[in-house]
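S.K.:
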Amino acid sequence: MWAHDEWTEDDRLLAVAYRLHRDGLCPCGCGYPRSQAWSEDMDGWYEAREVTCYARAAREAWEHDRRDSKAELEPGTLLVIDDTRHTSR
Ligand SMILES: [Zn+2]
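To convert a position in the sequence shown, counted from 1, into our numbering, add 78.
#1: Below 8 Å on the Cβ atoms is my contact criterion, and I expect Ser113 with Gly102 to pass it. Report the Cβ-Cβ distance as a whole number of Å.
#2: According to the Cβ coordinates, are Ala64 and Cys104 closer than 8 Å?
#3: Rounded to a whole number of angstroms, what is the C-alpha to C-alpha distance between Asp83 and Ser117?
#4: List the residues that DSSP assigns as beta-bridge partners of Leu103.
#5: Going by DSSP in three states, Leu93 sits in which element: helix, strand or coil?
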């Protein structure tokens, strides 16, 4: 990411637009705008369904393996889930 003094006017406008979008979302994690999700007109219109996120499944498998090993992570360690379709294993 660039330092803020290198941002163009378009970058600033996009950052403001993104923040407005993000701030308008319901904080519960449903992903819908609060103006929609909190409207009584929407009562009964949402339905839950199960989907599988295979990237999350890879993370959970890693976490399960980590739990068994009980080894500490180095400070600052991040878990990155790579899409390996186009890389050699
Ligand atoms: Zn919500």
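Glycine is no exception: its CB is placed at the ideal position from the N, C-alpha and C atoms.
M.R.: Taking the structure as given:
#1: 7 Å
#2: Outside the shown range of the chain (79 to 167) lies residue 64, about which nothing can therefore be said.
#3: 40 Å
#4: Looking at the DSSP assignment, Leu103 forms a beta bridge with Pro111.
#5: Checking the displayed sequence, the identity of residue 93 turns out to be Ala instead of Leu. Three-state DSSP puts Ala93 in a helix.
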